[in-house]
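Numbering (the working numbering), first residue to last: 26 to 181.
Inspection log for the structure reproduced underneath, given as structure tokens.
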Ligand SMILES: [Zn+2]
């Protein structure tokens, strides 16, 4: 992730920090600090977590990132998810069914903040079970793949 985007998440208070003391060498107490930016989940499977896509890679003006609001980011992530759903890549975080853009089983993009900052997709009807499926997740144990690139993503 580019430093500019990390800095943006930091400004919004959305970076998680983990500090680990390396115990191997007691004389040189080394403290390792890891930061974790919000992630996206295409499903609840551990292989389906994605690094937050960088708006600039999708045509958002680099100079405008500083002025980007959290609402803008939500909108951008939603556009990315719509492309992912259109491509058949996204599943409901709760029931694990593949989502589509139809109206029969409506879904929503949700931004959760506990136990990790994560955007995910869930059917309206499945939302009430969401907490159960998030419980016990450790953000620092989640490894992410780079987000898919979508050609037609509209960035305002
Ligand atoms: Zn569902």
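Where is the CB? At the ideal position from N, CA and C, for every residue including glycine.
Nothing here was measured: the structure is a model prediction, and the numbers come from that model.
Output yes or no for whether 8 Å exceeds the beta carbon distance between residue i and residue j.
{"i": "residue 162", "j": "residue 79", "result": "no"}
{"i": "residue 57", "j": "residue 164", "result": "no"}
{"i": "residue 46", "j": "residue 54", "result": "yes"}
{"i": "residue 149", "j": "residue 139", "result": "no"}
Sorted by chain position, which residues of the same chain lie with C-beta nearer than 7 Å to residue i's C-beta, five sequence neighbours on each side aside?
{"i": "residue 178", "result": "83, 104, 105, 108"}
{"i": "residue 136", "result": "99, 144"}
{"i": "residue 29", "result": "90"}
{"i": "residue 151", "result": "117, 119, 120"}
{"i": "residue 159", "result": "137, 140"}
Quick check on residue i: does DSSP put it in helix, strand or coil?
{"i": "residue 119", "result": "coil"}
{"i": "residue 53", "result": "coil"}
{"i": "residue 133", "result": "strand"}
{"i": "residue 72", "result": "helix"}
{"i": "residue 44", "result": "strand"}
{"i": "residue 152", "result": "helix"}
Pull up the CB-CB distance for residue i and residue j, whole angstroms please, since I reckon it's below 8 Å.
{"i": "residue 118", "j": "residue 155", "result": "7 Å"}
{"i": "residue 114", "j": "residue 173", "result": "7 Å"}
Starting from the C-beta of residue i, find all residues in its chain whose C-beta is less than 6 Å away, skip the five residues before and the five after it, and write them out in chain order.
{"i": "residue 52", "result": "none"}
{"i": "residue 44", "result": "56, 58"}
Leaving aside the five residues before and after residue i along the sequence, list all residues of the same chain whose C-beta is less than 8 Å from its C-beta, in chain order.
{"i": "residue 31", "result": "40, 60, 62"}
Would you say the region 118 to 126 touches the region 92 to 102, given that touching needs at least three Cβ pairs under 8 Å? no
Touch test, the region 133 to 145 against the region 56 to 68, Cβ-Cβ under 8 Å, three pairs minimum: yes
For the region 160 to 176 and the region 74 to 91, state whether three or more C-beta atom pairs, one from each stretch, are separated by less than 8 Å. yes
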